[in-house]
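Engineer:
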Amino acid sequence: MSDTDALSAALRDGDAAELSDDLDAIREALVEWYRADHRAFPWRRTEDPYAILVSEVMSQQTQLDRVVPAWEDFLEQWPTTADLADADRADVVAFWSSHSLGYNNRATYLHEAAGQIETEYGGSFPETPTELQELMGVGPYTANAVASFAFNNGDAVVDTNVKRVLYRAFAEIRNADDPDYESVANALMPAGESRIWNNAIMELGGVACGKKPRCDEEGCPWREWCHAYQTGDFTAPDVPTQPSFEGSRRQFRGRVVRLLGEHDEMDLDTLGHRIRVDYTPDGEHGREWLRGLLSDLAEDGLLEVEETREKTVVRLRR
Ligand code: SF4
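FYI, in the working numbering the residues of the sequence shown are 562 to 879.
1. If Ala-513 and His-599 are in contact, beta carbons under 8 angstroms, what's the gap, nearest whole angstrom?
2. Can you list, in chain order, the stretches of the alpha helix (DSSP H) that have 4 or more residues and sit fully within the region 793-861?
3. What are the complete alpha helix (DSSP H) segments, minimum 4 residues, inside the region 573-626?
4. Assuming Asn-747 contacts Asp-716 (C-beta within less than 8 angstroms), just tell me the rounded distance between them.
5. Whose C-beta lies closer than 8 angstroms to the C-beta of Gly-847 among residues of the same chain, with five residues either side of it excluded?
6. Comparing the CB of Pro-962 with every heavy atom of the ligand SF4, is any distance shorter than 6 angstroms?
7. Please confirm whether Pro-804 and Lys-773 have their CB atoms less than 7 angstroms apart.
8. Rounding to the nearest angstrom, what Cα-Cα distance links Thr-641 and Leu-625 in this structure?
9. Hey, how far is the Cα of Arg-878 from the Cα of Leu-568?
10. Across which residues does DSSP place Arg-876 in a beta bridge pair?
11. Span of the alpha helix (DSSP H) holding Phe-712?
12. Between which residues of its own chain and Met-619 is the CB-CB distance below 7 angstroms, once the five residues before and five after are set aside?
13. Rounded to the nearest angstrom, how far is the Cβ of Arg-725 from that of Gly-766, given a contact under 8 angstroms?
14. Please confirm whether any heavy atom of the ligand SF4 lies closer than 6 angstroms to the CB of Trp-594.
15. Considering only heavy atoms of the ligand SF4, does any lie closer than 6 angstroms to the CB of Tyr-790?
16. Taking 7 angstroms as the limit between beta carbons, can you name the residues of its chain near Leu-727, skipping five residues before and five after?
17. In this structure, how does DSSP classify Phe-686 when only helix, strand and coil are distinguished?
18. In this structure, does DSSP put Thr-680 in helix, strand or coil?
19. Are the beta-carbon atoms belonging to Glu-617 and Ala-706 less than 7 angstroms from one another?
20. Roughly how many angstroms lie between the CA atoms of Val-723 and Ile-762, to the nearest whole one?
21. If you follow the alpha helix (DSSP H) that Leu-662 is in, where does it begin and where does it stop?
22. Indicate the three-state DSSP secondary structure (helix, strand or coil) for Pro-630 in the structure shown.
23. Alpha carbons only, please: which of Pro-701, His-824, Trp-850 and Thr-680 is nearest the one belonging to Pro-690?
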């Protein structure tokens, strides 16, 4: 069994010692993080499969912030599949070109798909990824996205952003010769939650876990478990060399979180000595420096610091 097969099985069955306790927490942390704040793309506020299909097709070659006005104009002009099916194809293609949306054949396919919905499906979209792939120009990725976001009925989405997140978060994926991303992603996704889950993990990859990661700045909910955060190695399949960022502080934060994950609690100086060789309680990199680091992590909700007259004790917040 490969590393990723074992990880998928562990996630599915919840029987890996390291993960079984944490899996629910990993899932909840991501969904909560997404619910608390995310980019407000208008297609995230609808469950209309047609509107979602249009957003997916437009996003294939165009940056998301440029898709927004085009998507709004398109739906104003052709609000339903019936309207689009009735449209003159030349008008749809002209719209595509004038909004710089990439290959015109995507406009042609969309027009064709609207016709299929009207003539073959009686005006209602099919709801499964397999059936959705019967529509013109709709490949496995788009079919799954529409099934997830419109019908909450998809598999885990695996795009470049999601691969980057999984590769950084799980050592098993990083260490595998040929990682099976799909199977890990599907095992990680809570059953029947594809709408929120796929939105959340794609948001994580797009906002926090970009090529240049913003783990602390975006309050990544997986820092406590993330292999890259804890080791300081942020390379990924699409990031072959270590990205440059304000590295050392983040690395020390990662070390604190990793160490506390291995101990129920630690006192301040023991922790200090374990995370840096030049720790001296009253020196430049001593208690004052460490308290600053810990207070940032406490503000982020990752740990708690208990001060008594005798000592200062630190533990992860569970
Ligand atoms: S902690 Fe950083 S590297 Fe790890 S998943 Fe979060 S954003 Fe990505």
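Beta carbons: idealized from backbone N, C-alpha and C, even for Gly.
Structural biologist: With the structure as the only source:
1. In the structure as shown, the chain begins at 562 and stops at 879. Residue 513 is therefore absent and cannot be evaluated.
2. Counting only runs of 4 or more, we get 808-823, 829-836 and 848-860.
3. With a minimum length of 4 residues, the continuous alpha helix (DSSP H) runs that stay inside the region 573-626 are 578-581, 584-597 and 610-620.
4. Taking the sequence shown and counting its residues from 1, one reaches residue 747 at position 186. Taking the sequence shown and counting its residues from 1, one reaches residue 716 at position 155. The Cβ separation is near 6 angstroms, so the contact holds.
5. As a working note, residue 847 is residue 286 in the sequence shown. Cβ within range, chain order: Gly-833, Tyr-840 and Thr-841.
6. The question about residue 962 has no answer here: the residues shown for the chain are numbered 562 through 879.
7. Indexing the sequence shown from 1 puts residue 804 at position 243. Indexing the sequence shown from 1 puts residue 773 at position 212. Cβ atoms of Pro-804 and Lys-773: closer than 7 angstroms.
8. In the sequence shown, residue 641 corresponds to position 80, counting from 1. In the sequence shown, residue 625 corresponds to position 64, counting from 1. Using only the alpha carbons, I get a separation of about 22 angstroms.
9. For the purposes of this step, residue 878 is identified with residue 317 of the sequence shown, where counting begins at 1. For the purposes of this step, residue 568 is identified with residue 7 of the sequence shown, where counting begins at 1. Spanning the alpha carbons of Arg-878 and Leu-568 requires a straight line of approximately 25 angstroms.
10. The residue given as residue 876 occupies position 315 in the sequence shown. BP columns for Arg-876 point to Glu-865.
11. Residue numbering aside, residue 712 sits at position 151 when the sequence shown is read from its first letter. Phe-712 -> alpha helix (DSSP H) spans 701-712.
12. One-based indexing of the sequence shown puts residue 619 at position 58. Residues of the same chain with a CB within less than 7 angstroms of the CB of Met-619, apart from the 5 flanking positions on each side, are Val-628, Ala-631, Trp-632 and Leu-662 in chain order.
13. Translated into positions along the sequence shown, residue 725 becomes position 164. Translated into positions along the sequence shown, residue 766 becomes position 205. Indeed, because the Cβ distance is near 6 angstroms, the residues count as touching under 8 angstroms.
14. Taking the first residue of the sequence shown as position 1, residue 594 is located at position 33. Trp-594 Cβ: outside cutoff for every heavy atom of the ligand SF4.
15. Along the sequence shown, one-based indexing puts residue 790 at 229. For Tyr-790, the shortest separation between its Cβ and any heavy atom of the ligand SF4 lies below 6 angstroms.
16. Walking along the sequence shown from the start, residue 727 turns up at place 166. Cβ neighbours of Leu-727 beyond the five flanking positions: Ile-734, Tyr-742, Val-745 and Ala-746.
17. Position 125 of the sequence shown holds residue 686. DSSP, reduced to helix, strand and coil, places Phe-686 outside both helices and strands of the structure shown, so it counts as coil.
18. The count along the sequence shown starts at 1 and reaches residue 680 at position 119. In the structure shown, the three-state DSSP call for Thr-680 is helix.
19. Working through the sequence shown from its first residue, we reach residue 617 at position 56. Working through the sequence shown from its first residue, we reach residue 706 at position 145. For Glu-617 and Ala-706, yes; Cβs fall inside 7 angstroms.
20. By 1-based counting over the sequence shown, the position of residue 723 is 162. By 1-based counting over the sequence shown, the position of residue 762 is 201. For Val-723 and Ile-762, the distance between alpha carbons rounds to 6 angstroms.
21. Counting from one through the sequence shown, the residue named residue 662 turns up at place 101. For Leu-662, no alpha helix (DSSP H) encloses it, and the DSSP letter there is neither H nor E.
22. Indexing the sequence shown from 1 puts residue 630 at position 69. Of the three classes helix, strand and coil, the one that applies to Pro-630 here is helix, per DSSP.
23. The count along the sequence shown starts at 1 and reaches residue 690 at position 129. The candidate whose alpha carbon is nearest that of Pro-690 is Pro-701.
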